[in-house]
Amino acid sequence: NTNEEITWTLWAFSRYLPWDTEWVSDRQEEWSMEKLVRVQMQSEPTKSACGGTHGLFATASAVNCYLKDQKQLRGTWLEASMRVRQYAEYARSMQNRDGSFSSKYFEGPEYASDVNKRVSTTGHTLEFIMEALPQNRLDEQWVRSAVYRIATDLIEYKSQPLEPGGMYHAIDSLVIYRERTRPEYAKYLEELAKYKDFEKPEPSDQIIGYSKQFLQQQNAAQYNQQPQYRQNTNSNDDPSRQARRRGLFSRYR
Numbered sequence: 001n002t003n004e005e006i007t008w009t010l011w012a013f014s015r016y017l018p019w020d021t022e023w024v025s026d027r028q029e030e031w032s033m034e035k036l037v038r039v040q041m042q043s044e045p046t047k048s049a050c051g052g053t054h055g056l057f058a059t060a061s062a063v064n065c066y067l068k069d070q071k072q073l074r075g076t077w078l079e080a081s082m083r084v085r086q087y088a089e090y091a092r093s094m095q096n097r098d099g100s101f102s103s104k105y106f107e108g109p110e111y112a113s114d115v116n117k118r119v120s121t122t123g124h125t126l127e128f129i130m131e132a133l134p135q136n137r138l139d140e141q142w143v144r145s146a147v148y149r150i151a152t153d154l155i156e157y158k159s160q161p162l163e164p165g166g167m168y169h170a171i172d173s174l175v176i177y178r179e180r181t182r183p184e185y186a187k188y189l190e191e192l193a194k195y196k197d198f199e200k201p202e203p204s205d206q207i208i209g210y211s212k213q214f215l216q217q218q219n220a221a222q223y224n225q226q227p228q229y230r231q232n233t234n235s236n237d238d239p240s241r242q243a244r245r246r247g248l249f250s251r252y253r
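All the letters of the sequence shown, read from the start, carry residue numbers 1 to 253 under my numbering.
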């Protein structure tokens with residue numbers, strides 16, 4: 001259905017279905033993986049949720065799915081690959097000195113002093129980059145700087161309640177980086193997690209999350225007086241877009 005956002009459909013299908021899969025919808029419309037990619041590329045990243053990083057990730061995932069079976073990119077797949085590389089370079093060109101990516105995503109350079117915004121925008125962007133870059137580029141300094149920035153922020157602000165949606169994308173970007181650069185260690189940690197008791201977690205500090213209590217804290221004077229807790233909000237931002245940014249999701253991997 002082209003009237004609905006197809007990002008999540010492409011994201012999931014590119015994980016579990018072959019690149020040449022075709023099907024007919026309940027509306028008797030003919031669909032294919034290639035058609036999903038074409039529809040996704042009609043979306044303008046700067047006008048999409050979270051800077052378009054979700055759609056770019058899905059596109060990169062679809063291209064990778066194609067390359068697992070086909071050695072040469074053609075047609076839609078070549079165009080999609082060029083789009084992915086183009087936006088990866090956009091992100092690199094606007095990267096801040098501390099390793100974070102632009103808090104305006106692909107609209108232009110900007111640094112976020114607010115840790116919530118910095119973790120969210122850098123996390124979303126790095127997550128896309130982790131899917132977009134070939135293996136031989138993962139050790140480049142700009143990539144390592146972004147990984148270091150996110151990891152450092154998550155550690156330094158571990159006692160501060162972070163907005164869940166952005167934090168999950170940031171953590172996912174680190175997980176993908178670890179899986180691609182240290183696969184054996186990633187498997188070890190996965191096995192180790194199976195034997196750890198998570199039924200009764202005992203965090204050192206209460207994790208408030210993005211709740212009413214969290215919002216109240218953001219507006220409290222003790223937070224407003226500290227720059228690292230200030231929220232860079234835009235009163236003109238579309239409420240539905242804000243809601244999508246806060247939405248929780250699981251990576252189809």
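Beta carbons: idealized from backbone N, C-alpha and C, even for Gly.
As the structure is a computational prediction, the values presented were derived from the model and not from experiment.
- Contact between residue 170 and residue 154 holds: their C-beta atoms lie close to 7 Å from each other, under 8 Å.
- Per the coordinates, the alpha-carbon of residue 133 lies some 11 Å from the alpha-carbon of residue 86.
- The stretch 40 to 57 makes contact with the stretch 104 to 119: 3 or more CB pairs, one atom from each, lie closer than 8 Å.
- Annotation for residue 128: 53, 56, 57 place their beta carbon closer than 6 Å to its own, counting only its chain and skipping 5 residues before and after.
- Taking 9 Å as the cut-off, the Cβ atoms of residue 123 and residue 172 count as close.
- Its chain contains 51, 52, 53, 55, 56, 87, 105, 106 as the residues whose beta carbon lies nearer than 8 Å to that of residue 45, once the 5 sequence neighbours on both sides are disregarded; these appear in chain order.
- Nearest to residue 43 by alpha-carbon distance, out of 59, 30, 131, is 59.
- CA-to-CA, the gap between residue 15 and residue 9 works out to about 10 Å.
- Considering only 139, 81, 167, the residue with the shortest C-alpha distance to residue 151 is 167.
- Cβ neighbours of residue 178 within its own chain (closer than 6 Å, five residues either side excluded): 186.
- Secondary structure at residue 23: strand, using DSSP grouped into helix, strand and coil.
- Between residue 80 and residue 41 a beta carbon distance of about 6 Å is seen, short of the 8 Å cut, so the two are scored as contacting.
- C-alpha of residue 182 to C-alpha of residue 174: approximately 11 Å in a straight line.
- Classified as buried, residue 131 has 16 or more neighbouring CB atoms from the shown chains inside 10 Å of its CB.
- With a contact defined as Cβ atoms closer than 8 Å, residue 116 and residue 162 qualify at about 6 Å.
- Distance from the CA atom of residue 78 to the CA atom of residue 142, rounded to whole angstroms, is 25 Å.
- By the criterion of a C-beta distance shorter than 6 Å, residue 20 is surrounded by no residue of its chain, once the five residues flanking it on both sides are discounted.
- Contact annotation, residue 95 with residue 146: C-beta distance approximately 7 Å; criterion of less than 8 Å satisfied.
- In the three-state reduction of the DSSP assignment, residue 32 falls in the strand class, which pools E and B.
- Straight through space, the alpha carbons of residue 156 and residue 31 are spaced by roughly 47 Å.
- Exclusion of the five residues before and after residue 135 leaves 180 as the residues of its chain whose Cβ lies within less than 8 Å of its Cβ.
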